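Chemist: Just passing along the structure, written as structure tokens.
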Amino acid sequence: MGEPITYLEAIRQGLWEEMERDERVFMLGEDIGVYGGAFKVTKGFLEKFGQDRIIDTPIAESGIVGAAIGASLMGMRPVAEMQFIDFIACAFNQITNFAAKSRWRYGAGVPIVIRGPSGGGVRGGPFHSQNPEMYYVHTPGLKVVAPGTTYDAKGLIKAAIRDEDPVIYLEHKYLYRLPRIKEALPEEDYVVPIGKAALRREGKDISMITYGAMQLHCMDAAETLDKEGVSSEVLDLRTLLPLDAEAIEATTKKTGKVLIVHEDTRTGGIAGEITALINERAFEFLDGPVTRVTSPDAPVPYSAALEDYFLPNSTKVLQAARGLLSY
Amino acid sequence: MGEPITYLEAIRQGLWEEMERDERVFMLGEDIGVYGGAFKVTKGFLEKFGQDRIIDTPIAESGIVGAAIGASLMGMRPVAEMQFIDFIACAFNQITNFAAKSRWRYGAGVPIVIRGPSGGGVRGGPFHSQNPEMYYVHTPGLKVVAPGTTYDAKGLIKAAIRDEDPVIYLEHKYLYRLPRIKEALPEEDYVVPIGKAALRREGKDISMITYGAMQLHCMDAAETLDKEGVSSEVLDLRTLLPLDAEAIEATTKKTGKVLIVHEDTRTGGIAGEITALINERAFEFLDGPVTRVTSPDAPVPYSAALEDYFLPNSTKVLQAARGLLSY
Amino acid sequence: MPRTSRNAAKKHPRKGKSAESAHPKRPAESLPASALSKSQLLDLYRYLKLNRMIEERLSALYRQGKVQGGLYSSKGQEAISVGSAYALATQDVLAPMIRNLGAMLVRGVNPVEFFLQYMQKEGSPCKGRDTSLHFGGIDRGFVPPISHLGTLIPVLSGVALAGRMQGKNLVALTYIGDGATSTGDFHEGLSLASVRRLPLVVLIENNRWAYSTPVSAQSLLLDLADKARAYGIPQGVVDGNDVLAVHEATSRAADLARRGQGPVLLEAKTMRMRGHSEHDDAWYVPEEERRFWEKRDPILLYEKHLLGTGVAIKDELSRIESACAAQIDADLAIAEAAPFPRPESCVEDIYAPEQDASEGLAEEAPRAARRS
Amino acid sequence: MPRTSRNAAKKHPRKGKSAESAHPKRPAESLPASALSKSQLLDLYRYLKLNRMIEERLSALYRQGKVQGGLYSSKGQEAISVGSAYALATQDVLAPMIRNLGAMLVRGVNPVEFFLQYMQKEGSPCKGRDTSLHFGGIDRGFVPPISHLGTLIPVLSGVALAGRMQGKNLVALTYIGDGATSTGDFHEGLSLASVRRLPLVVLIENNRWAYSTPVSAQSLLLDLADKARAYGIPQGVVDGNDVLAVHEATSRAADLARRGQGPVLLEAKTMRMRGHSEHDDAWYVPEEERRFWEKRDPILLYEKHLLGTGVAIKDELSRIESACAAQIDADLAIAEAAPFPRPESCVEDIYAPEQDASEGLAEEAPRAARRS
Ligand SMILES: Cc1ncc(C[n+]2csc(CCOP(=O)(O)OP(=O)(O)O)c2C)c(N)n1
Ligand SMILES: Cc1ncc(C[n+]2csc(CCOP(=O)(O)OP(=O)(O)O)c2C)c(N)n1
Ligand SMILES: [Mg+2]
Ligand SMILES: [Mg+2]
């Protein structure tokens, strides 16, 4: 174990080590080379790996993803950066129609990673704060991961790069340099398997199912409830597609009361999918309605006053938990 | 009431009458003018309305939707056709980021309609059979409608055109000329309100919540169950965003057993959202798990053998209904 | 067999290496005996100063933490915003990008609006919901951008199309960075606009950088205006640091567009004199390049022109500057005092207030839409 | 002030009006003393015939209801597919569009595969899941398209990029219709490819129509190859009905691209001689235009050339035709007899078989990726 490092540094290390390990890995995106990326995730990469493996591209997200697809078909392992994940919208067609369907169509895997800063909490406004996960969770053939811890950030970027299928890797920009989640990581190579949730906290009275930055609010709420004698389980999904249905089922059967907490907007958010899974797999174990804490159905607002109102937080989690507990 | 007409003819009439009624309405898309559209929805429009109001465009879906947005900001009422709805993927960014957010951002409504043939059942393969609804249902600021009857096809296209906000109008190509749903329509002008579901069949033992072409399978299954003494309620959503939560709540409270049937793929499909709504609004009325009949998580296959396996049908609906009824 | 096109052989000068050689020779036709009156000429000066001074103040507010998120400076590029917007007619529609504060000033936005907007106040044009220059509606002659680059080109094509249908004789003008000319929307918008010869002017602000990416990594072209050749439309290159040249070039472009010869693609050569946004100190810009362009500061150049041609004397210019400062002080005070938005307001206005489409029928008489 | 570009003033000839004037004059340099041997020349003939005859058979199967969905004919355009694919080296990668069956033949696809594919049989390349020419993998030198037009241009840029990284000295070749050159992806792909001078050849098949839309409604340009001017890359125009000219032009383009002068944009002028797809009788195509191009049927022209230059005698050509027919009969019989896919197979292969990324580490020795 070394010094505690940030979530951002963990991503950087993961990328760096994979580039060192496998010459097929290369990166492309806007301002990732000379500048080292808008958030400095790839700082120092150009110097180390050269401009054939660290490619500064024109502003062309569909082009970037398309090129990544083509290179992956040739056996390479491209990692494409979206400067902010919001701009992935411009590559939607290449991702959902070309990358996601190639293996199924004619057997050609498309092992690409598309990564970028997602999420709110940094006063970025409606176009620099988005949570685009569901657009991709609803697309068979893709995988979607969203690490919420420093350990996972590194382990999942490595798993994503080694995966044989296209992976959307959502890094939460609010967590990038958050001191609270700094962590000392193992010296050895490790991966966090895609498709496996992590139990962050065991409990018996209520389950909170969450991912990304929202995990912190769940942990805080759980802490408070603990003092009140309520024992909460916190399940961090980590992977959104494929969902760890077993873990969801297990925690539901254990506590019977499920709260789903996500930063993404409500309607069509992943809470719905999880609720359906729970209905199918553990209906008779439910001791109350599956309950959602999410952002409301609106774009992410810019002003601090508004964004703080908009985003879920531990107070809202607590309130919903109490409501469910008293059901 | 005139002669029974097809679903396609109903759309055509709705468009035609709106173009006659309001000079601000115009249409743009690929091959909609001279050719009258790939499915002939706009046959005769160019001759009647002229090339300033029926615009054949280059192949540029993002351009088409962008231009529609710009024209709508100027007070026009553009109706953009996607030749197949699958190609809407190319306009994803303009729709979800420009059109959906303008009113909220600075008060400018974007009254555009984006319409096109969706859905499977015609051996179109993975790129001519898609059901893209959830990508838009998950985007606040949009409205999404999916008529399943000839009456609704006309009433909803009119409502969509008159709506002050951007509406995605999904016409199901399997229904276009289906003799079974031909219907004589009122002579007078009418609209079907956006946001209101329709009870196609009243019952007390089980609720089937559905929309689009799947409605037919639900009606067939209900018919069969009827002969077995089971009384089914069939709720046709018609509008997917905003969902008619009251109607969903009401039918759940009435029967306690809810089957959701959609042609779209399962994970992240609208069944999840509906299940969550039911949990929130009528949990204590549930007599069994909310159950889904959907397409599996895969692209829509081409071969008849495969597509028939892939799509929901009345046999699958029946089977699921029986399972739920015996819960 | 493939012919090699004009530009294929030439290498774009690498960044820094030949900052000067890349600077456009002033095209003779862009320096007309200006038809502008003295008061108009001083108007331009006032807008240039106001543009610069408001941004300086915003920058200070940023350092105080009162402005958050991205803050994008147009320092060095003010002549483009001001000169081009000043060339428009009242009925024309302008869509600014994030470095076109000056264009918005010319079209009537008050300084207080920028302060309210950036400080996220309740009374701001976006009610604190959106950021940057993302405001101003069609009623004021604007279409505000979203962050996604390129998107305005199709949207303004639609504006131009509607304007023609409505018989408004308008021109739609928008801006795009050198970097954003690589986006698919740039291409789709111009493809659409060109076949209908829509009255659209697209002004490329080639400020040599897209964030940290030099133009040479964006395109092999020396003149981005040459992208017009893919659409068979008129093109032009203008010195973006010469406000009169920009005004003149835009007037002519708008003219062409209005006469049905559009769309027109205009390139203004300039230099982004600060970082991409406030947090960026632009360390990657070669010192030599920066120094070269410093001497070509558009406000300095224009001052020299006004003084040199005897249009104004030093004193007049100083008075304008003081008036700007006074206005800014006053407006900033108003903005500072303004309240923040009600938190719950952020979920309002997603949709229009409920309307009944069938009821609407009677009241809502179809607005005339004249066909051209 | 805006200069008017070369093409701005010219009006594109309206459809039908001047079908002949729009036909390119044969560029002198595209008619070389062919370096191809007699057997190669007859090879080309065989591919042309096979292309035409397979499509005729597919058309018959369509009428019998054995082929469903879209069926797109390349009648009149066969010389482009065959001539261009024949110019490639083994290591090169080709991405066909829906009218490039001939190119796939040249690169080694067997007729039986087309029949299996279109008849949706289990043993078809897509196992009945996907349709049309959407098949063939990189192991065979192909990247199959999706339906969404334009998407292959960025994807093939990536192929070219990877090929260079891997030191493969390959050229990536793909096709695009006149209509699809309006897509954003065309622009983004060429933007990316040009700044890195990737070994990519993009061949525009200008067959005068995009479904029912004439080129004049797609672009103001007379030569779509002029779109190259937006990227500063080499361009060329070739007679798409002359298989030798196409072969020659593609060879030179591939050469340029391989030498780092790419990407190259080549336009082949031709005519779509049938409807957009089987259901479309192309009533909107003026009779005069159709007749003009009928006389320029690429197979007829090539037969004349072979006979006229004494390369072959009538008998030899007939024998080739008979051999093609025999092969088609045999392959079709196989395909007809083949079983349909297992229904449940349609949900397989969404993801790779489960792998453990950490276990994979040891076995999976990093494949060498040479940097160029
Ligand atoms: C589609 C899209 N991709 C990426 C970005 C992130 N981004 C914002 S500004 C910028 C650079 C823009 O450069 P340029 O177009 O030259 O404009 P300038 O900043 O120089 O005015 C980038 C990459 C974006 N806003 N939109
Ligand atoms: C992005 C996209 N939009 C629309 C379509 C529907 N479509 C299929 S082929 C076609 C016409 C293509 O014309 P062109 O590019 O000239 O190719 P051609 O058919 O003439 O070979 C259209 C509009 C599509 N496949 N993809
Ligand atoms: Mg720039
Ligand atoms: Mg064509």
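Protein chains in written order, with my numbering: chain G, 195 to 521; chain A, 195 to 521; chain F, 196 to 567; chain S, 196 to 567. Just so you know, even glycine gets a beta-carbon here, dropped at the ideal spot from N, CA and C. Just so it is clear, the structure is predicted and the values come from calculations on it, not from any experiment.
(1) Please confirm whether any heavy atom of ligand 5 lies closer than 7 Å to the CB of L296 (chain S).
(2) Note down, in chain order, all residues in the segment 274-296 of chain A with a beta-carbon under 9 Å from any beta-carbon belonging to chain S.
(3) Name, going along the chain, the residues of the segment 470-492 of chain G whose beta-carbon falls closer than 8 Å to a beta-carbon of chain F.
(4) Ligand 4: which residues have Cβ under 7 Å from any of its heavy atoms, chain order?
(5) For Q312 (chain F), which residues in the same chain have their Cβ closer than 7 Å to its Cβ, ignoring the five residues on either side in sequence?
(6) Relative to the alpha-carbon of R247 (chain G), which residue among G:V235, G:I226 and G:V259 has its alpha-carbon at the smallest distance?
(7) In the DSSP assignment, the alpha helix (DSSP H) including V354 (chain F) goes from what residue to what residue?
(8) Output the boundary residues of the alpha helix (DSSP H) element that contains Q312 (chain F).
(9) I'd like the list of long-range same chain contacts for S446 (chain S), defined as Cβ closer than 6 Å, with 5 residues on each side in sequence excluded.
(10) Kindly examine ligand 1 and report whether one of its heavy atoms sits closer than 7 Å to the Cβ of C519 (chain F).
(11) So that I know if they touch, is there some Cβ in chain S lying closer than 8 Å to that of A217 (chain F)?
(12) Please classify D524 (chain F) as buried or exposed, where buried requires at least 16 other C-beta atoms within 10 Å of its C-beta.
(13) Please state the DSSP three-state secondary structure of M221 (chain G).
(14) Nearest CA to the CA of G264 (chain G): which residue from S:V304, S:F337 and S:L328?
(15) What is the DSSP secondary structure of G372 (chain S), reduced to helix, strand or coil?
(16) Between the beta-carbon of G379 (chain F) and the beta-carbon of A254 (chain G), is there less than 8 Å?
(17) List, in chain order, every chain G residue whose beta-carbon is nearer than 9 Å to that of G384 (chain S).
(18) How far does the beta strand (DSSP E) with Q163 (chain F) in it reach, from first residue to last?
(19) For the segment 222-256 of chain A, list every residue whose C-beta sits within 9 Å of some C-beta in chain S, in sequence order.
(20) Need the endpoints of the alpha helix (DSSP H) that V390 (chain F) sits in, please.
(21) Count the other CB atoms, across all protein chains shown, that sit within 10 Å of the CB of S400 (chain S); report buried if there are 16 or more and exposed otherwise.
(22) Can you list, in chain order, the stretches of the alpha helix (DSSP H) that have 4 or more residues and sit fully within the segment 272-343 of chain F?
(23) Can you give me the start and stop residues for the alpha helix (DSSP H) that L415 (chain F) sits inside?
(24) Taking the beta strand (DSSP E) that N401 (chain S) falls in, what are its first and last residues?
(25) Per DSSP, which residues does L460 (chain F) bridge with? Please list them.
(26) Quick one: what's got a C-beta closer than 6 Å to R467 (chain S)'s C-beta in the same chain, skipping five residues either side?
(27) According to DSSP, what are the bridge partners of V178 (chain G)?
(28) Within 7 Å: the Cβ of E224 (chain G) and any heavy atom of ligand 1?
(29) Let me see if you follow: with CB-CB separation under 8 Å, is L267 (chain A) close to chain F or not?
(30) If you check the beta carbons only, do L141 (chain G) and I400 (chain G) fall under 8 Å apart?
(31) Grouping DSSP H, G and I as helix and E and B as strand, with all else coil, what is M402 (chain G)?
(32) Where does T488 (chain A) sit, in a helix, a strand or coil, going by DSSP?
(33) Under 7 Å: does the beta carbon of H329 (chain S) sit that close to some heavy atom of ligand 2?
(34) By how many angstroms is the C-alpha of I333 (chain S) removed from the C-alpha of M268 (chain G)?
(35) Report the three-state DSSP secondary structure of R297 (chain G) (helix, strand or coil).
(36) So for L434 (chain A), helix, strand or coil by DSSP?
Modeler: Let me lay it out:
(1) In the structure shown, ligand 5 is absent; the only ligands present are ligand 1, ligand 2, ligand 3 and ligand 4.
(2) Q277, F278, D280, F281, A283 and C284
(3) P490, D491 and A492
(4) S:G372, S:D373, S:G374, S:E400, S:N401, S:N402, S:R403, S:W404, S:A405 and S:R467
(5) In the third sequence, the residue the question calls residue 312 (chain F) occupies position 117. Cβ within range, chain order: S319, P320, C321 and F330.
(6) On the first sequence, residue 247 (chain G) is found 53 positions in, with the first residue counted as 1. Ranking G:V235, G:I226 and G:V259 by Cα distance to R247 (chain G) puts G:I226 first.
(7) Stepping through the third sequence from its first residue, residue 354 (chain F) is reached at position 159. L347 to M360 is the span of the alpha helix (DSSP H), which, as asked, contains V354 (chain F).
(8) Position 117 of the third sequence, counted from the first residue, corresponds to residue 312 (chain F). It spans P306 to Y313 - the alpha helix (DSSP H) in which Q312 (chain F) sits, taken as one unbroken run.
(9) Residue 446 (chain S) sits at position 251 when you count from the first residue of the fourth sequence. Only A282 meet the Cβ criterion.
(10) For the purposes of this step, residue 519 (chain F) is identified with residue 324 of the third sequence, where counting begins at 1. No, Cβ of C519 (chain F) sits at least 7 Å from all heavy atoms of ligand 1.
(11) Here residue 217 (chain F) corresponds to residue number 22 of the third sequence, with the count starting at 1. With a pLDDT of 40 at A217 (chain F), under the threshold of 50, the modelled position of this residue cannot be trusted; read the value that follows with caution. So no, A217 (chain F) is outside the interface.
(12) Your numbering for residue 524 (chain F) matches position 329 in the third sequence. A residue is called buried when at least 16 other Cβ atoms come within 10 angstroms of its Cβ; D524 (chain F) does not meet this threshold and is exposed.
(13) Taking the first residue of the first sequence as position 1, residue 221 (chain G) is located at position 27. If DSSP states are grouped into helix, strand and coil, M221 (chain G) belongs with the strands.
(14) Locating residue 264 (chain G) in the first sequence gives position 70, where the first residue counts as 1. Nearest C-alpha to G264 (chain G): S:F337.
(15) Counted from its first residue, the fourth sequence places residue 372 (chain S) at position 177. When secondary structure is reduced to three states using DSSP, G372 (chain S) falls in the strand class.
(16) Position 184 of the third sequence, counted from the start, is the residue given in the question as residue 379 (chain F). Position 60 of the first sequence, counted from the start, is the residue given in the question as residue 254 (chain G). The answer is yes: Cβ separation under 8 Å.
(17) Against the fourth sequence, residue 384 (chain S) aligns to sequence position 189. Per Cβ cutoff of 9 Å: A254, S256, G257, G260 and A261.
(18) Chain F is shown only over 196 to 567; residue 163 (chain F) falls outside these bounds and no answer can be derived.
(19) E224, D225, G227, V228, Y229, G230, A232, D250, T251, P252, I253, A254, E255 and S256
(20) Walking along the third sequence from the start, residue 390 (chain F) turns up at place 195. Note, V390 (chain F): alpha helix (DSSP H), G379 to V390.
(21) In the fourth sequence, residue 400 (chain S) corresponds to position 205, counting from 1. The residue you asked about is not Ser; residue 400 (chain S) is Glu in the sequence shown. Result: buried.
(22) 273-280, 296-301 and 306-313
(23) Along the third sequence, read from residue 1 onward, the residue named residue 415 (chain F) stands at position 220. L415 (chain F) -> no alpha helix (DSSP H), and no H or E assigned at all.
(24) By one-based count along the fourth sequence, residue 401 (chain S) stands at place 206. Element bounds for N401 (chain S): L395 to N401.
(25) Residue numbering aside, residue 460 (chain F) sits at position 265 when the third sequence is read from its first letter. In DSSP, L460 (chain F) forms a bridge with F:V397 and F:Q430.
(26) The count along the fourth sequence starts at 1 and reaches residue 467 (chain S) at position 272. Cβ neighbours of R467 (chain S) beyond the five flanking positions: N402 and W404.
(27) A question about residue 178 (chain G) goes unanswered here, because the residues of chain G that appear run from 195 up to 521.
(28) Within the first sequence, numbered from 1, the residue matching residue 224 (chain G) stands at position 30. Within the cutoff, so yes.
(29) Residue 267 (chain A) sits at position 73 when you count from the first residue of the second sequence. L267 (chain A) counts as touching chain F.
(30) This structure cannot speak to residue 141 (chain G), because chain G is shown only from 195 to 521.
(31) Against the first sequence, residue 402 (chain G) aligns to sequence position 208. Residue state, collapsed to three classes: strand.
(32) Taking the first residue of the second sequence as 1, we reach residue 488 (chain A) at position 294. The answer is strand: DSSP assigns T488 (chain A) an E or B state.
(33) Residue numbering aside, residue 329 (chain S) sits at position 134 when the fourth sequence is read from its first letter. For ligand 2, not one heavy atom lies less than 7 Å from the Cβ of H329 (chain S).
(34) Numbered from its first residue, the first sequence carries residue 268 (chain G) at position 74. Numbered from its first residue, the fourth sequence carries residue 333 (chain S) at position 138. Roughly 7 Å separates the two Cα atoms.
(35) Taking the first residue of the first sequence as position 1, residue 297 (chain G) is located at position 103. Of the three classes helix, strand and coil, the one that applies to R297 (chain G) here is helix, per DSSP.
(36) Translated into the one-based positions of the second sequence, residue 434 (chain A) becomes position 240. It is a strand residue.
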